[in-house]
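Chemist: To start, I am sharing the structure in question, which I have written as structure tokens.
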Amino acid sequence: MKLHYPPSLLIALALLAWTQKDTDYTQWASYLGGPDRNHYSTLNQITPENVKDLQVAWTYSLPDSGQMQANPIIVDGVLYGVSASVQAFALDAATGKEIWRFGDPLKNGASTSRGVSYAKGRILYTVGPNLWALDAKTGKPIDTFGDKGKVDLHTGLPAIAQNKFIISNTPGTVFENLIVMPLRLSEGADAAPGDIRAYDIYTGKVAWTFHTIPYPGEFGYETFPKDAYKNEYTGAANNWSGMALDEKRGILYVPTGSAGFDFYGGNRKGSNLFANCLLALDARTGKRLWHFQTTHHDVWDRDLPAPPNLITVIHRGKPVDAVVQVTKQGYVFCFDRVTGKPLFPIIERPVKGSTLLGEHAWKTQPMPTIPKPYARQSDEITAKDINPYANNQSELRQKFGQIEKGWHAAPTLQGNLILPGFDGGAEWGGAGADPKKGIVYINSNEMPWILTMVSTKQTSPTASKTYTQYCASCHGDKLQGNPASGYPSLTEVFKRRNKVFLSQIITQGKGMMPGFPQIDKATREELVNFIAGETPKEVVSTNGKTPVLPYRITGYNKFLDSQGLPAISPPWGTIQAIDMNTGKYLWKIPFGDEPILAAKNILNTGTENYGGPLITENGLLAIAASKDGMFRIYNRHSGQLLWKTKLPAAGFATPATYQVNGKQYIVIACGGTKLGTKKGNQYVAFSLNARR
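Just so you know, we're using our numbering here: the sequence shown kicks off at 7 and counts up by one.
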């Protein structure tokens with residue numbers, strides 16, 4: 007689709023481009039291409055005309071394998087990335103030859119990392135709860151940073167949180183001599199507080215803290231129960247997905263997630279600021295400048311899933327610096343970057359209340375009227391939308407008729423359709439954007455999930471209380487797991503692992519599974535013995551600090567047909583371009599081919615996808631992300647497919663582009679593993695006229 011703008015808009019855009027001429031989009035020295043998180047580059051050697059000539063320039067194979075979500079950065083001809091087991095490494099960006107690698111693959115399995123940060127000749131990245139500072143040239147820890155090169159991210163939190171699960175799997179945001187760190191926490195009532203903290207990049211000391219669950223006297227304190235800040239029965243409201251930074255103004259834009267427990271908030275009555283907010287903070291002090299809450303009193307796990315995009319749009323005839331936030335719900339929120347004023351109308355839409363004992367669901371939820379949602383909503387789906395390729399359509403229609411389908415209807419015992427699903431809509435890969443023309447590019451999922459609540463009194467007589475509290479929601483009451491939704495069975499875990507290994511995983515976590523370090527030794531041993539099939543001996547945790555709620559979820563259950571495909575009709579993944587000057591869609595296409603159906607020559611179904619796009623000024627949109635393991639490049643002006651190739655393993659990551667010695671490269675991490683795809687261990691770089 008060709009873009010047409012009136013002359014006045016073209017003049018304004020030209021003026022805008024001139025005023026932004028000092029922004030350098032030829033580098034990829036920061037996560038997602040820069041602090042504005044736009045995935046955007048002005049490098050132009052690879053064009054829509056010659057992209058068909060791309061070849062593999064180099065590959066780099068790691069000694070470990072598994073899901074890699076990292077978006078590598080490139081500084082002075084050196085590429086810095088992270089492996090599946092969270093080892094940091096440096097490569098010659100022209101050849102892929104390893105310069106150094108840091109970390110132990112046997113010990114660093116506590117998270118899935120999305121990359122590293124660069125500041126003043128040092129690489130800052132996390133392993134488990136520790137923030138490391140490495141010499142960028144050698145990969146060796148910098149002894150003057152924290153404790154011999156590392157800082158425990160529990161530092162600065164209250165005493166009650168010191169043994170709670172904390173990691174960071176998204177790179178921190180660097181501003182002057184500070185790095186502000188995202189945190190991934192438990193999603194239960196036992197979560198640590200999601201305080202936003204800045205650390206000195208030289209010493210590792212905490213420079214400032216912003217309380218996302220406000221303390222007495224702080225703005226928003228009345229939106230939680232008066233003692234919520236003590237972290238005894240609720241926590242989180244954390245930023246895990248990363249942040250964007252307006253360097254010139256010194257403003258940090260921080261999207262936050264829900265308060266714990268994700269799906270029941272009877273013990274946290276109120277709208278719950280600053281959970282589910284886009285926060286604008288003074289980057290030097292952490293002072294709140296403005297905020298907008300995108301979900302009130304969240305009971306659907308509607309975390310803001312990605313850093314916002316900082317772009318400039320023409321609003322009412324004038325250029326306005328804007329911040330754009332994508333969501334799991336399929337909505338785009340757009341605000342004046344300085345004032346926080348919405349640039350398009352947002353209404354408070356009434357929603358169905360809760361029938362659960364003690365729950366006080368919020369009566370309305372925010373809904374942008376422009377742009378229209380980029381993913382289907384639960385209340386739009388009817389029985390006519392059941393997957394036409396399903397072999398068990400009658401069964402699916404019956405199930406569909408039994409569940410609640412209201413827009414933001416509070417969770418129920420009968421089950422709720424969650425669409426877009428728990429992973430979005432938009433997800434952690436985030437949106438790409440043209441910061442000068444004000445266009446955003448979003449890849450989105452349309453996987454339906456079913457959320458069902460159950461009383462915690464309804465525990466299987468064979469289950470341990472500890473297992474029910476910490477494990478059953480993912481692995482089932484009877485250890486059966488839910489492989490179709492990505493949660494493995496534990497019934498035969500000891501055919502592959504021993505008790506020591508399992509105890510370590512329970513404490514530290516692994517991949518996207520959180521750890522539970524707050525569980526004491528005796529309780530952990532009871533849990534391991536239960537999973538091993540030995541007669542469970544109930545042990546009451548000696549720490550006495552884990553709250554028990556009246557409801558839990560029956561599991562994270564995708565709504566699937568008998569083949570494991572989504573129960574609703576395609577498309578199951580899409581890409582769209584939205585002009586944020588007007589809020590109108592420029593184009594929208596299915597993204598990816600479902601392998602089961604592609605084998606029958608049924609194409610353009612779209613697939614689940616994880617990882618974002620790369621956008622170039624000269625007209626390219628490059629993206630892997632899809633379940634089918636392809637790497638595709640589209641014309642970003644029209645959505646036309648220009649080139650595709652099969653990767654050695656699916657690339658659930660965001661690509662980067664850079665130029666070394668006059669040659670432009672595009673690189674992607676290929677770890678596979680997610681969505682049942684095969685494991686991989688390679689970074690693959692492409693260029694024109696490559697020589698192997």
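Note that the Cβ used here is the ideal one computed from N, Cα and C, for glycine as well.
#1: Who are the Cβ neighbours of Q399 in its own chain at under 6 Å, not counting the five residues just before and after it?
#2: Among residues of its own chain, excluding the 5 on either side of G625, which ones have a beta-carbon nearer than 7 Å to its beta-carbon?
#3: Can you find the residues in the same chain that come closer than 6 Å, C-beta to C-beta, to K685, ignoring five residues on each side of it along the sequence?
#4: Taking contact to mean at least 3 C-beta pairs separated by less than 8 Å, is the region 30 to 40 in contact with the region 424 to 434?
#5: Quick check on DSSP: helix, strand or coil for P420?
#6: Can you name the residues that DSSP bridges to K324?
#7: Output the distance between the C-alpha atoms of T622 and G589, rounded to the nearest integer angstrom.
#8: Looking only at DSSP bridge pairs, what is C676 linked to?
#9: Give the secondary structure of T580 by DSSP, where H, G and I count as helix, E and B as strand, and everything else as coil.
#10: Roughly how far, in whole angstroms, is the beta-carbon of Q569 from the beta-carbon of I602, given that I think they are within contact range, below 8 Å?
#11: Which word fits Q688, buried or exposed, when buried means at least 16 other C-beta atoms lie within 10 angstroms of its C-beta?
#12: Excluding sequence positions up to five away, which residues of its chain have a Cβ less than 8 Å from the Cβ of D634?
#13: Less than 7 Å between C-beta atoms, sequence neighbours within five positions excluded: which residues of the same chain meet that for W368?
#14: Could you check what DSSP says for S384 in three-state terms: helix, strand or coil?
#15: Are the region 232 to 243 and the region 197 to 206 in contact at 8 Å, needing three or more beta carbon pairs?
#16: What separation, rounded to the nearest whole angstrom, lies between the Cα atoms of L159 and A396?
#17: Let's test the definition: count the other Cβ atoms within 10 Å of the Cβ of L356 and tell me whether it reaches 16, buried, or not, exposed.
#18: In chain order, what residues of the same chain lie with their CB nearer than 7 Å to the CB of V545, ignoring the 5 residues before and after it?
#19: In this structure, what does DSSP give as the bridge partners for T132?
#20: So, for T560: in the same chain, excluding its five sequence neighbours on each side, which residues have a beta-carbon less than 6 Å away from its beta-carbon?
#21: Could I get the ranges of all uninterrupted beta strand (DSSP E) runs contained in the region 272 to 304, with 3 residues as the minimum, in chain order?
#22: Roughly how many whole angstroms lie between the Cα atoms of P188 and L287?
#23: Indicate the three-state DSSP secondary structure (helix, strand or coil) for D700 in the structure shown.
#24: Using DSSP with H/G/I as helix, E/B as strand and the rest coil, what is S400?
#25: If you compare alpha carbons, which of P417, D309, Q299 and A437 is closest to M373?
#26: The beta strand (DSSP E) that contains P596, what's its start and end?
#27: Just the C-alpha distance for F339 and L284, rounded to the nearest angstrom, thanks.
#28: Is the separation between the beta-carbon of K146 and that of L648 shorter than 8 Å?
#29: Counting Cβ pairs closer than 8 Å, one from the region 121 to 140 and one from the region 176 to 190, do we hit at least three?
Modeler: Short version:
#1: As a first step, residue 399 is located in the sequence shown; it is residue number 393 there, counting from the start. Within the same chain, Q399 has close Cβ partners I392.
#2: Working through the sequence shown from its first residue, we reach residue 625 at position 619. Hits under 7 Å: P54, N641, R642 and H643.
#3: Numbered from its first residue, the sequence shown carries residue 685 at position 679. These residues qualify, in order along the chain: S71, G72, G678 and T679.
#4: no
#5: Walking along the sequence shown from the start, residue 420 turns up at place 414. The sequence as given places Gln at residue 420; Pro does not occur at that position. Three-state result, Q420: coil.
#6: As a working note, residue 324 is residue 318 in the sequence shown. Per DSSP, H321.
#7: Looking up residue 622 in the sequence shown gives position 616. Looking up residue 589 in the sequence shown gives position 583. Whole-angstrom Cα-Cα distance: 21 Å.
#8: Within the sequence shown, residue 676 is the residue found at index 670, counting from 1. Bridge partners of C676: Q688.
#9: Against the sequence shown, residue 580 aligns to sequence position 574. DSSP places T580 in strand when its eight states are reduced to three.
#10: Translated into the one-based positions of the sequence shown, residue 569 becomes position 563. Translated into the one-based positions of the sequence shown, residue 602 becomes position 596. Indeed, because the Cβ distance is near 6 Å, the residues count as touching under 8 Å.
#11: Your numbering for residue 688 matches position 682 in the sequence shown. Buried, because 16 or more other Cβ atoms sit within 10 Å of the Cβ of Q688.
#12: Stepping through the sequence shown from its first residue, residue 634 is reached at position 628. Here the set comprises G598, D599, E600, P601, A604, T613 and A656.
#13: Taking the first residue of the sequence shown as 1, we reach residue 368 at position 362. Once the five neighbours on either side are set aside, the close Cβ partners of W368 are S277, H302 and H303.
#14: The count along the sequence shown starts at 1 and reaches residue 384 at position 378. S384: helix per DSSP, three-state reduction.
#15: yes
#16: Looking up residue 159 in the sequence shown gives position 153. Looking up residue 396 in the sequence shown gives position 390. Spanning the two alpha carbons is a distance of roughly 47 Å.
#17: As a working mapping, residue 356 is identified with position 350 in the sequence shown. Inspection of the sequence shows that residue 356 is occupied by Pro rather than by Leu. Label assigned to P356: exposed.
#18: Taking the sequence shown and counting its residues from 1, the one referred to as residue 545 is at position 539. Only weak support exists for where V545 lies, its pLDDT of 43 falling under 50; the value from the coordinates is given anyway. A528, T529 and E532, listed in sequence order.
#19: Indexing the sequence shown from 1 puts residue 132 at position 126. DSSP lists L137 as partners of T132.
#20: The residue labelled residue 560 in the question sits at position 554 within the sequence shown. Within the same chain, T560 has close Cβ partners T458 and V460.
#21: 283 to 288 and 294 to 299
#22: Sequence index remark: in the sequence shown, residue 188 carries index 182 (1-based). Sequence index remark: in the sequence shown, residue 287 carries index 281 (1-based). Approximately 14 Å, taken between the alpha carbons.
#23: Lying outside 7 to 698, the shown extent of the chain, residue 700 is not represented and no answer is given.
#24: Working through the sequence shown from its first residue, we reach residue 400 at position 394. Helix.
#25: Here residue 373 is taken as the residue at index 367 of the sequence shown, counted from 1. With distances taken between Cα atoms, M373 lies closest to Q299.
#26: Here residue 596 refers to the residue found at position 590 of the sequence shown. Counting along the chain, the beta strand (DSSP E) containing P596 begins and ends at K590 to P596.
#27: Here residue 339 refers to the residue found at position 333 of the sequence shown. Here residue 284 refers to the residue found at position 278 of the sequence shown. So the two alpha carbons sit approximately 10 Å from each other.
#28: Walking along the sequence shown from the start, residue 146 turns up at place 140. Walking along the sequence shown from the start, residue 648 turns up at place 642. For K146 and L648, no; Cβs fall outside 8 Å.
#29: yes
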